[in-house]
Each structure stands twice: as structure tokens, then as C-alpha cells.
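>
Number of protein chains: 2
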Amino acid sequence: MTLEPPAISPSSFLRIQEVASELGLTTRSIRYYEELGLLSPAARSDGAYRLYDASDVDRLRFIKGLRDDAGFSLAEISQLLEDEAARVRGREAYSHTGDPAERRTIVVDSLARVDRQARILRDKISRLEAMVAAVEARRTRLRARLADLDAGGSGELR
Amino acid sequence: MTLEPPAISPSSFLRIQEVASELGLTTRSIRYYEELGLLSPAARSDGAYRLYDASDVDRLRFIKGLRDDAGFSLAEISQLLEDEAARVRGREAYSHTGDPAERRTIVVDSLARVDRQARILRDKISRLEAMVAAVEARRTRLRARLADLDAGGSGELR
DNA sequence: CTTAACGTTTACGTATACGTGAAGGTGCGC
DNA sequence: GCGCACCTTCACGTATACGTAAACGTTAAG
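Spelled out as C-alpha cells, the structure:
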């Protein structure tokens, strides 16, 4: 039985502007992220054009989320994503080794990273929830003042 | 000659370094925030020292939370807090007017701002939760691969 | 009154995260 | 092969968010 090689149709790759448009990034940002070692395109064309696959786009989407939604610095994102080189090696190694032991190591490593990412995001969420609670408390105090005023009180500060 | 420990401020006001230490900020940051119009100290000493009251400290704590925990830019925080001048006017006006109608207006305005802050924070939380969900999904796929490998499978990518 | 610690303003320096050309090569429809 | 949009690598410019130092005034303890 022959293993089917991954279908590498040329159209499955995207060029930098296509990726940028899809994600709402600039090409400059994507190249800058690459410069910082946050990702590297799956391939290059003969003429050295960067070519991105679906996993690259996913990763960029994740990076953008960490930046825009979570507000992490690129340095923090770099820590969160950890060793892009390992990922690139993994992507290649996993496909080219049939050895279950090697594959297991790669998967276990990925799991550890993913778990850490989830922990950090949840931590951020709980800190945000604390801020919401603080805002709610302020809201409650204000409503009490308002109620006092509407009841003919002086709304005096305490 | 042992250096004197930080002397306790006799009044209810705190000086900039005391506030900075308490909040884990630098004096430079606090002055910079003031420069951007994010806050202004409740008072100044005769010698022009900035003097902060409890509400100033609360506000600074909130600003720090928005920056460190939520990852907002100072420009966004400025929008969120909205018109510091209005707050200063409010603080004075509220104390110096006995008119319940005026006080009511001030309280209602504050409530509107607080509600908007809560909405924005909750929106950020839900976007973070979406990211957690994405990470969880990836974790689930990885665990499936791991289970396959541990069951003697090839752990083939799908 | 002295003095050490702390504060003030002003101003230039710096890291991050890109923007914006410049100068030139690539991909592709015609 | 031509033209044009897109790409490449430098390389310098810029906004944000402060750091840092200078020159000088203030505060409170002794």
C-alpha cells in the first residue's frame, strides 16, 4: 500500500497579499512577524515569493487574535507560540517519519504548548472578569446614589 | 546612617511615589498619563507637588488594569474613560452644588460611562473565550492523534 | 538651619510595531 | 515579448509609551 503524498496543488498556496487581505493585516506586518520568528511561510516560489498554506493562515489568525483581542505584545506572543523552528521541523518531521514514537513525541510537545496557551488565556479572562466586577461595583454605588436622589435625598458622597 | 523608611503622609493625600509604589507603576508613567489627559491629581501642595486622593488611586488602578490586563492602548483607555475634564468638573461640581437635579445629571452621565466600560470589557472577554475555544479544539485533535498512536495507529494527519 | 530624600519641568533617548518609499525582480494575461 | 500588478530586500521614518538625565525647588527630620 502506497501512502498518498500530501496533495500540493499550486492553488492551495496563497501569496502574501491574499493572506493579508483575508486576515486584515498588512503585508508589512506579516513580514515583520516572520522577521521576529513568529512564523515562516510553508514555501517559496521559484521567484522567492512567500507562499502560505492553511496552517500558516491559521497561525497568523491566532497571532492577530493574541495581539488585537488579548493585547499581548509580539514578544509575549513569541513566548506563547514558542520556537517556530520546532514547529517547522515538526511539520516536516511528522509527515516524513512513520515512527510512532517520534510522532508521539511531537504530539506530546504540541499538547504541552496548547495547554499552556489555554492557561494563559484563561488567566487573562479571569483578570478581565475582576475588572468587570470592579466596574459593576461602581455601577451599584452610582445606582444607589441615583435612587437616593430620586427619593428626594441629597445623594451625599460617603 | 539608615535611610528613613517612607514617611507616612500626614494628610489623606498621597504623593506620586507613594501612589506609584502602591500600584506598581513608575512616576514617569503616572505623569505621562496625566500629560495624555487620563487623570489629574486631586490637588497640588504649596510647592506644586502632585497630591492624589483615593479616587485618583482607584482610577489609576483601573487604567493599569486596562493596560496590563486588557491590553488597551492609552488612546483606547482615553476613549473608555472619556473626558477627564468632565470628571474633574464633576468632582468639584458635585461637592459644591446642593442641587439634586445637577447631581442627578452627573450621576446619570457616570452610569452611562460605567455601562459602556462593562460592555467593552465583556466584549473582550467573549473574544478571548473564542480564542480559548479554538485552542481547546486544537487540543482535542491532538489528543485524538495521541490516542490513535497509543492504540498502535499511525497517527496520520487528516 | 541644614540636608537628604523627594518633587518639579524640560528635553532628549529608546524599544516596539510597524509605515513608506526605493530599486529591482516575478507572474501572467495578451 | 510587453505591460502591469505583485513580489523581493534594504533602509529610513514615525507613533506610542515610556526611560533617563539635567537643573532646580520642596518637604520633613534632626
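Protein sequence lines correspond, in order, to chains A and B.
First residue of the first sequence: 1, per our numbering; consecutive thereafter.
First residue of the second sequence: 159, per our numbering; consecutive thereafter.
Each residue gets a CB set at the ideal place from its N, CA and C atoms; glycine is no exception.
1. May I have the straight-line CA-CA distance separating residue 263 of chain B from residue 227 of chain B, to the nearest angstrom?
2. Is the beta carbon of residue 117 of chain A closer than 8 Å to that of residue 293 of chain B?
3. Can you list, in chain order, the residues of the stretch 64-78 of chain A whose Cβ is nearer than 7 Å to any Cβ on chain B?
4. Applying a beta-carbon distance threshold of less than 7 Å, which residues of chain A neighbour residue 199 of chain B?
5. Roughly how many angstroms separate the alpha carbons of residue 238 of chain B and residue 271 of chain B, rounded to a whole number?
6. Check distances from the C-beta atoms of the stretch 266-296 of chain B to those of chain A and list, in chain order, the residues that come in under 9 Å.
7. Any Cβ of chain A within less than 8 Å of the Cβ of residue 182 of chain B?
8. Classify residue 108 of chain A: buried if its beta carbon has 16 or more other beta carbons within 10 angstroms, exposed otherwise.
9. Please list, in chain order, all residues of the same chain as residue 217 of chain B whose beta carbon is under 6 Å from its beta carbon, the five residues on each side excluded.
10. By alpha-carbon positions, which one of B:286, B:235, B:222 and B:179 ends up nearest to residue 67 of chain A?
11. Is it buried or exposed for residue 143 of chain A, if we count other Cβ within 10 angstroms and need 16 for buried?
12. Counting only C-beta atoms, is residue 187 of chain B closer than 8 Å to chain A at any point?
13. Taking Cβ positions, are residue 32 of chain A and residue 41 of chain A nearer each other than 8 Å?
14. Check the C-beta distance from residue 231 of chain B over to residue 195 of chain B and give it rounded, since I have them as a contact under 8 Å.
15. How would you call residue 163 of chain A, buried or exposed, if buried means at least 16 neighbouring beta carbons within 10 angstroms?
16. Can you give me the start and stop residues for the beta strand (DSSP E) that residue 80 of chain A sits inside?
17. Starting from residue 197 of chain B and walking both ways along the alpha helix (DSSP H), at which residues does that stretch end?
18. Taking Cβ-Cβ distances below 7 Å as the criterion, which residues of the stretch 199-218 of chain B are in contact with chain A?
19. Using a Cβ-Cβ cut-off of 8 Å, state whether residue 36 of chain A counts as contacting chain B.
20. What are the boundary residues of the alpha helix (DSSP H) that residue 122 of chain A is part of?
21. So what does residue 52 of chain A bridge to, in DSSP terms?
22. Against residue 164 of chain A, what residues of chain B qualify as contacts under a CB-to-CB distance less than 8 Å, listed in chain order?
23. Taking the alpha-carbon positions, what's the residue 282 of chain B to residue 64 of chain A distance?
24. Using a Cβ-Cβ cut-off of 7 Å (strictly less than) and excluding sequence neighbours within five positions of residue 30 of chain A, which residues of its own chain qualify?
25. Chain B partners of residue 142 of chain A, CB-CB under 8 Å?
26. Give me whichever residues DSSP pairs with residue 44 of chain A in a beta bridge.
27. Taking only three categories from DSSP, how would you classify residue 27 of chain A?
This is what the structure gives:
1. Residue 263 of chain B and residue 227 of chain B have their C-alpha atoms roughly 31 Å apart.
2. Yes, these two residues count as a Cβ contact at 8 Å.
3. Answer in chain order: 65, 69, 70, 71 and 72.
4. What residue 199 of chain B touches in chain A: nothing, since even the nearest Cβ is about 18 Å away.
5. Distance between the alpha carbons of residue 238 of chain B and residue 271 of chain B: 8 Å.
6. For the stretch 266-296 of chain B, which is checked against every Cβ of chain A, the residues closer than 9 Å are 266, 268, 269, 272, 273, 275, 276, 279, 280, 282, 283, 285, 286, 287, 288, 289, 290, 292, 293, 294 and 296.
7. For residue 182 of chain B, not one C-beta of chain A is nearer than 8 Å to its own C-beta.
8. Per the 10 Å Cβ criterion, exposed.
9. Cβ within range, chain order: 197.
10. That would be B:286, whose Cα lies nearest to the Cα of residue 67 of chain A.
11. Residue 143 of chain A should be labelled exposed.
12. It does not; no Cβ of chain A falls within 8 Å.
13. No, these two residues do not count as a Cβ contact at 8 Å.
14. That belief does not hold up - the Cβ atoms of residue 231 of chain B and residue 195 of chain B are roughly 14 Å apart, past 8 Å.
15. One cannot answer for residue 163 of chain A here, as it falls past the ends of chain A, which runs 1 to 158.
16. Run containing residue 80 of chain A: none in the beta strand (DSSP E); it sits in the alpha helix (DSSP H), 74-81.
17. No alpha helix (DSSP H) contains residue 197 of chain B, which DSSP labels as neither H nor E.
18. Listed by position along the chain: nothing, the set is empty.
19. Not closer than 8 Å to any Cβ of chain B, the Cβ of residue 36 of chain A fails to qualify, so no.
20. Here the alpha helix (DSSP H) through residue 122 of chain A covers 100-150.
21. Residue 52 of chain A pairs with A:14.
22. With chain A covering only 1 through 158, there is no way to say anything about residue 164 of chain A.
23. Rounded to the nearest angstrom, the two C-alpha atoms are 14 Å apart.
24. Around residue 30 of chain A: 16, 19, 20 and 60.
25. By Cβ distance, chain B contributes 265, 268, 269 and 272.
26. DSSP, once it has assigned bridges, lists A:50 as partnering residue 44 of chain A.
27. Helix, per DSSP.
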